[in-house]
Amino acid sequence: MLKHSFSSYCFVLLCTFLLACAGGNSQTEGSEHTEEQAAPSAENIALQESIKRGEAIYNGVGLCVTCHMADGKGQEGLFPPLANSDYLMGDRKRAILQVLNGAVGEMVVNGVTYNGAMPGMGATLSDEQVADVLNYVMNSWGNENEDMIKPEEVAALRE
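Residue numbers (the working numbering): 9 to 167.
Spelled out as structure tokens, the structure:
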């Protein structure tokens, strides 16, 4: 009988140990992490899709990559960088208007003065394409912008 009690005791001890190690529910009471938070939001998915489309536009023949380079660093003194760009990230409306209408004249980007011309792409790119390419550059090379630029925002400035 003692032998049976000992094996029962070991079994109960083993089960208790396994349950303690498994942890049951991995969330502790009061934990703010939920499965809903772990899943990407519809807005985040839309932004990621826009960024992918924008990358293809950026790298298109005769478009952004020609002057600003594949790494977004531009060419110092000639074409300003988009990588870690204080100018790009400093004014969202200006960025949209500059892609649409181009720019001529002096601008200071990351402390370096550039004095050149950027052609406007408003006649070439749709509102969605402008939004996509801006979402790409504003989320690449050290730039971070989770506030997605939408085609409607571009259309409102195009008018």
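For every residue, glycine included, the Cβ atom is placed at its ideal position computed from N, Cα and C.
Because the structure is a prediction, the values reported are computed rather than measured.
Asked, Found
"Which of helix, strand or coil DSSP assigns to Met126", "strand"
"Per-residue DSSP class, three states only, for Thr74", "helix"
"When Val112, Arg100, Ala64 are compared against Glu152, the one with the closest alpha-carbon", "Arg100"
"Stretch-stretch touch, CB-based, cutoff 8 Å, three pairs: the segment 98-116 with the segment 138-145", "yes"
"Buried versus exposed call for Leu96 [16 or more other C-beta atoms within 10 Å across all chains shown]", "buried"
"Three-state secondary structure assigned by DSSP to Glu43", "Since pLDDT at Glu43 reaches only 48, below the 50 mark, its modelled position is unreliable, and no value is offered."
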